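2 protein chains.
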Amino acid sequence: MGKNLTKRSEDYSKWYNELVVKADLAENSGVRGCMVIKPYGFAIWEKMQAGLDKMFKETGHENAYFPLFIPKSYLSKEASHVEGFAKECAVVTHYRLKNAEDGSGIVVDPDAKLEEELIVRPTSETIIWDTYRKWIQSYRDLPLLINQWANVVRWEMRTRLFLRTAEFLWQEGHTAHATKQEAIDEAELIMNVYADFVEGQMAVPVIKGVKTASERFAGAVETYCIEALMQDGKALQAGTSHFLGQNFAKAFDVKFATKEGKQEHVWATSWGVSTRLMGALVMTHSDDNGLVLPPKLAPIQVVIVPIYKGMEQLDAISEKVAPLVKALRDKDISVKFDDRDTHKPGFKFNEYELKGVPVRLAIGQRDLENGTFEVARRDTLTKEIVAEADVIGKIVSLLQEIQANIYEKALKYRESHITFVDSYEEFKNVLEEKGGFIAAHWDGSAETEERIKEETKATIRCIPINAETEQGNCMVTGKPSSKRVLFAKAY
Amino acid sequence: MGKNLTKRSEDYSKWYNELVVKADLAENSGVRGCMVIKPYGFAIWEKMQAGLDKMFKETGHENAYFPLFIPKSYLSKEASHVEGFAKECAVVTHYRLKNAEDGSGIVVDPDAKLEEELIVRPTSETIIWDTYRKWIQSYRDLPLLINQWANVVRWEMRTRLFLRTAEFLWQEGHTAHATKQEAIDEAELIMNVYADFVEGQMAVPVIKGVKTASERFAGAVETYCIEALMQDGKALQAGTSHFLGQNFAKAFDVKFATKEGKQEHVWATSWGVSTRLMGALVMTHSDDNGLVLPPKLAPIQVVIVPIYKGMEQLDAISEKVAPLVKALRDKDISVKFDDRDTHKPGFKFNEYELKGVPVRLAIGQRDLENGTFEVARRDTLTKEIVAEADVIGKIVSLLQEIQANIYEKALKYRESHITFVDSYEEFKNVLEEKGGFIAAHWDGSAETEERIKEETKATIRCIPINAETEQGNCMVTGKPSSKRVLFAKAY
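These protein sequence lines are chains A and B, in that order.
If you count by our numbering, then the first sequence holds residues 1069 to 1559, one letter each, in order.
If you count by our numbering, then the second sequence holds residues 1069 to 1559, one letter each, in order.
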């Protein structure tokens, strides 16, 4: 197809890296580990933001904004939290530059050293709970349901566009509740919101579950998650929602007066999804020809390419296309008529395939005569000739069909890649030869989990919410187990 | 009114600080100079963002995202640019924390020192132009019209909520063009977009102009601006749009092949507005009772307060109110029915006045019997009784009327505070006794401008775009001048 894209079967990782750059989603910047999100990629992220933001608001959350910087002493207040993030913190130590005295250029001014270092937020629990102490006095102030859209920084040594970058964009929800149960309900609500968004709009099927203790967020009592499966058989954690117990309320001394007038610590949750979802979107649906985007998130849902010789033909086509463009826009369908005369139709076809535009219309001289359009769908790469009168209806139904089809395809792949195994030997074989999720019995100990991870690189992705109770024995130690957990190699 | 708000006439500055906090717009955080934008304040900012974003997209701009960090060497490439920002840069020098060996807590790991320090972006010209070098090869790649919504950091010693904070939120547009004229046109277009937004949606009248050389953005050839006037007679720069010439293209070696095949440097603009606009919004319209918000940006446009005794009366009111709420929402009017039983009507009236809700409805037993509502408008604090059948129409027209009225009021104030003076003596008197803009002749030299600034604290806010040609003499040096410029003390 002339796209010079590595095939997935040859090198999945290389295919992904090339695709993200060639489809104009993102690229590496001159700053180690930080990416530039290009306009086409950002347009997809904006649609994801809008979709999520609407769902958060519909479930009673409000947006706010908290500082980028966190004083080192705040981060240190919750012991397991700082333990989890200390090794990847970007630290601001000075607040001024100056001209070097030897004329060698601009240097950091040693006289402008901060008394206390500031950490660029890796996540905002500490600064937010320091604020909540002032906002929460009484049960009347609860629940407090707040979300923030922000950039965060976690210094990563090995980075990959969208999947793992030093700086990334995300949303982080931080809620405060009067009771333990209410906080747990919130954490579960958000896990469900995330699953609905990822499945319903991104068309990526997910498994809901909880993390094991060793995979939990630093500072959480329980971490709920949604896990997706990529086409190379590796899992990707798509979102997490944490029940934080009273850990942060205690660390930051946030108490409220109950109806009965008692002072109690507040219960908390936090939850987030990030630009990592862009990676999941790309890896779930795309193929050797380029991106395949779900219509609900595609910046351009329909592209129309004219095939013509000379201005007269183009004018005739443009006249035919104009009312169609208007009719589609009236239906909130985003459409682009690409009448650039600097590129040939074949080049344009390639470009829009690479960029994953769900529906492509072509119209040439013969179509004009016959009153038809050629309609192509990106997911199956099939084409058909559609009469002018039917074309709007066809586009509307195709967009729905493509959204459903790519979800079904991904679900089918996922379902066929959950393998039940009962011995460690079989586990290793399946992991190496087939990949995907492996449902196996585990004795519940961190030691066994760690041993499996060291020996096979597979981690427990989650204990599925809907896992059935089933008597079994840990595949490694033979100790009793009451349900299977899901293992996989993961991004 | 029981709001414990300092009066504007007593202490304007104190009034502002109190209002921002009491109306739940923002507060200071535990991080020096960084604010927390609270949900109510953020809801206004979101509406401002949405309004601006739509206007940017309608004028052909796309959003993207560039790194938070800028390598020190990038910042240094454009000489006047680094000169302008070096003194207020937050500098990241390390990327890891660790436990102190003496057990005293968490410390910065000296082994994790960055080879090159990273600056937290004070503005993004340098990182963006480093990227544009890769994106621009040919005239076909131009114009490049990109905007980013982001947080930036400028280390300020004296900060004030929204007006001057170490971290603030903004948008920054960065465009690249094939010709000088096209770049100038873009800079002017954006000045007009800003003026349309600030006048049309914020209801804040502005004067369009250009900055003098000494007030220009660091690295600009020409800075266009919009200047507003606050109720205390001080000016506030509400937005700037810079024609950057080829300065950044040369510093970052960004060239393009013209149609004729020649290699030329690209022409550039950059432009931004920030959360500072929130300060302008508050200070332009609000009064001693609290915020006055323009209906187009009010998170709650209409509040309905029931006045009742007992559940039976509340039920009857709720039944009457429900269809009204629905009808208003169908018209995209945001409405809140405040039926909290924890607070009395008087408390609620106070609260919504403080928060600037444009229209307040009250309904009690007598209204129920008479089929009426009491309708109050925030801008004039007047009330009237409106028949049920007319209430929707009344609300729709009131919202338009309030939007127009607060603009007219601010415009009238501004017009009556532009004083033409011809002597330096008169200038000083007007500045001290009346304030506002002073239109005076100036000899065009940086020396005179600096002298006036030192002696009076007034700066040249702008050379108005529509200033008439008029022969005159500089009020300080007596040298000839061809037009008046606008002086003021400013935020």
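All C-beta atoms, glycine included, are put in the ideal place defined by N, C-alpha and C.
Note that the structure is predicted; figures quoted are calculated from it, not measured.
Cβ of Thr1161/A within 8 Å of any chain B Cβ: The count along the first sequence starts at 1 and reaches residue 1161/A at position 93. The beta-carbon of Thr1161/A is placed less than 8 Å from the nearest beta-carbon of chain B.
Residue ranges of each beta strand (DSSP E) within the region 1195-1239 of chain A, 3 or longer: Given a length threshold of 3 residues, each whole run of the beta strand (DSSP E) inside the region 1195-1239 of chain A is given here in chain order: 1212-1221.
Burial state of Glu1452/A, where buried means 16 or more other Cβ atoms lie within 10 Å: By 1-based counting over the first sequence, the position of residue 1452/A is 384. Label assigned to Glu1452/A: exposed.
Of the listed residues Glu1290/A, Gln1299/A, Pro1178/A, nearest to Asp1079/A (C-alpha basis): As a working mapping, residue 1079/A is identified with position 11 in the first sequence. Taking only the C-alpha atoms, the option nearest Asp1079/A is Gln1299/A.
For Val1489/A, the nearest candidate out of Tyr1475/A, Phe1505/A, Tyr1481/A (CA to CA): The residue given as residue 1489/A occupies position 421 in the first sequence. The residue with the shortest Cα to Cα distance from Val1489/A is Phe1505/A.
C-beta atoms of Met1259/B and Leu1349/B nearer than 8 Å: In the second sequence, residue 1259/B corresponds to position 191, counting from 1. In the second sequence, residue 1349/B corresponds to position 281, counting from 1. Against a cut-off of 8 Å, the Cβ pair of Leu1349/B and Met1259/B comes out as no contact.
Residue-level contact to chain B via CB, Gly1098/A, 8 Å cutoff: Taking the first residue of the first sequence as position 1, residue 1098/A is located at position 30. Chain B contact via Cβ: present.
Chain B contact for Asn1131/A (CB, 8 Å cutoff): To locate residue 1131/A, count along the first sequence from 1; it is residue 63. Closer than 8 Å to some Cβ of chain B, the Cβ of Asn1131/A qualifies, so yes.
Rounded straight-line distance, which links the Cα of Trp1203/B to that of Tyr1292/A: Working through the first sequence from its first residue, we reach residue 1292/A at position 224. Working through the second sequence from its first residue, we reach residue 1203/B at position 135. Straight-line Cα distance between these residues: approximately 41 Å.
Per DSSP, the bridge partner or partners of His1485/B: Numbered from its first residue, the second sequence carries residue 1485/B at position 417. When beta bridges are read from the DSSP output, His1485/B appears opposite no residue.
Residues of its chain near Gln1471/A, where Cβ-Cβ distance is below 7 Å and the 5 sequence neighbours each way are ignored: Looking up residue 1471/A in the first sequence gives position 403. Cβ neighbours of Gln1471/A beyond the five flanking positions: Ala1271, Pro1362, Pro1363, Lys1364.
Chain B within 8 Å of Thr1227/A, Cβ atoms only: As a first step, residue 1227/A must be located in the first sequence, where it is residue number 159. No, Thr1227/A does not count as interfacial toward chain B.
Straight-line Cα distance separating Pro1273/A from Arg1482/A: As a working note, residue 1482/A is residue 414 in the first sequence. As a working note, residue 1273/A is residue 205 in the first sequence. Using only the alpha carbons, I get a separation of about 8 Å.
CB contact below 8 Å: Val1425/A versus chain B: Residue 1425/A sits at position 357 when you count from the first residue of the first sequence. Val1425/A does not count as touching chain B.
Cβ-Cβ separation, Val1160/B to Leu1186/B (assumed contact under 8 Å), whole Å: Here the question's residue 1186/B lines up with position 118 in the second sequence. Here the question's residue 1160/B lines up with position 92 in the second sequence. Between Val1160/B and Leu1186/B the Cβ distance is about 4 Å, and since that is below 8 Å, they are a contact.
Bridge-paired residues (DSSP) for Asn1096/A: Taking the first sequence and counting its residues from 1, the one referred to as residue 1096/A is at position 28. Answer is Met1103/A.
For Val1403/B and Asn1473/B, the rounded distance between their alpha carbons: For the purposes of this step, residue 1473/B is identified with residue 405 of the second sequence, where counting begins at 1. For the purposes of this step, residue 1403/B is identified with residue 335 of the second sequence, where counting begins at 1. Roughly 21 Å between the two C-alpha positions.
Closer than 9 Å at the beta carbon, the chain B residues around Tyr1142/A: Along the first sequence, one-based indexing puts residue 1142/A at 74. Simply Gly1098, Val1099.
C-beta contact flag for Ala1111/B and Val1104/B at 8 Å: Locating residue 1111/B in the second sequence gives position 43, counting from the first residue. Locating residue 1104/B in the second sequence gives position 36, counting from the first residue. Going by C-beta atoms, Ala1111/B is not nearer than 8 Å to Val1104/B.
Between the CA atoms of Ala1366/B and Ile1275/A - distance to the nearest angstrom: If you number the first sequence from 1, residue 1275/A lands on position 207. If you number the second sequence from 1, residue 1366/B lands on position 298. Ala1366/B has its alpha-carbon roughly 40 Å from the corresponding atom of Ile1275/A.
Contacts around Tyr1084/B, its chain only, beta-carbon distance under 7 Å, and the 5 residues preceding and following it disregarded: One-based indexing of the second sequence puts residue 1084/B at position 16. Cβ neighbours of Tyr1084/B beyond the five flanking positions: Val1350, Met1351.
Residue-chain proximity (Arg1552/B, chain A), Cβ-Cβ < 8 Å: Here residue 1552/B corresponds to residue number 484 of the second sequence, with the count starting at 1. So no, Arg1552/B is outside the interface.
Short CB-CB distance (under 8 Å) between Asn1534/B and chain A: Here residue 1534/B refers to the residue found at position 466 of the second sequence. So, not an interface residue.
Val1160/B - containing beta strand (DSSP E), residue span: Here residue 1160/B refers to the residue found at position 92 when the second sequence is read from its first residue. Per DSSP, the continuous beta strand (DSSP E) segment holding Val1160/B begins and ends at 1159-1162.
Reference Leu1479/A, options Gly1347/A, Asp1407/A, Val1266/A, Gln1314/A, closest by Cα: Reading the first sequence from its first residue, position 411 is the one you call residue 1479/A. Ranking the options by Cα distance to Leu1479/A, first place goes to Val1266/A.
Which residues DSSP lists as bridging Val1175/A, in chain order: The residue given as residue 1175/A occupies position 107 in the first sequence. Looking at the DSSP output, Val1175/A shares a beta bridge with Lys1166/A.
Cβ-based neighbour list, Tyr1207/B, same chain, cut-off 7 Å, excluding 5 preceding and 5 following: The residue you call residue 1207/B lines up with position 139 of the second sequence. In its chain, beyond the 5 residues on either side, Ala1246, Phe1324, Ala1325, Thr1326, Lys1327 have a beta carbon closer than 7 Å to the beta carbon of Tyr1207/B.
Delimiting residues of the beta strand (DSSP E) encompassing Lys1276/B: In the second sequence, the residue the question calls residue 1276/B occupies position 208. Residues 1275-1278.
Run of the alpha helix (DSSP H) containing Ser1513/A, from where it starts to where it stops: Counting from one through the first sequence, the residue named residue 1513/A turns up at place 445. Premise fails: Ser1513/A is in no alpha helix (DSSP H) and is neither H nor E.
Which of helix, strand or coil DSSP assigns to Asn1541/A: On the first sequence, residue 1541/A is found 473 positions in, with the first residue counted as 1. Strand, per DSSP.
Chain-ordered chain A contacts of Ala1154/B [CB-CB under 9 Å]: Against the second sequence, residue 1154/B aligns to sequence position 86. From the beta-carbon of Ala1154/B, the residues of chain A found nearer than 9 Å are Arg1164, Leu1165, Lys1166, Asn1167, Ile1174, Asp1177.
Among Pro1532/B, Asp1383/B, Ala1319/B, nearest to Thr1199/B - alpha-carbon criterion: In the second sequence, counting from the first residue as 1, residue 1199/B sits at position 131. Of the residues Pro1532/B, Asp1383/B, Ala1319/B, the one whose Cα lies closest to the Cα of Thr1199/B is Ala1319/B.
Residue from Glu1283/B, Trp1197/B, His1411/B whose Cα sits closest to the Cα of Ala1244/B: By one-based count along the second sequence, residue 1244/B stands at place 176. Among Glu1283/B, Trp1197/B, His1411/B, the Cα nearest to that of Ala1244/B is on Trp1197/B.
Whether Arg1446/A touches Val1360/A by CB criterion (8 Å): Stepping through the first sequence from its first residue, residue 1446/A is reached at position 378. Stepping through the first sequence from its first residue, residue 1360/A is reached at position 292. For Arg1446/A and Val1360/A, yes; Cβs fall inside 8 Å.
Proximity to Tyr1133/A [Cα-Cα], best of His1162/A, Ile1195/A, Gln1539/A, Glu1250/A: On the first sequence, residue 1133/A is found 65 positions in, with the first residue counted as 1. Answer by Cα proximity: Ile1195/A.
Per DSSP, cross-strand counterpart(s) of Phe1555/B: Stepping through the second sequence from its first residue, residue 1555/B is reached at position 487. DSSP lists Ile1506/B, Ile1528/B as partners of Phe1555/B.
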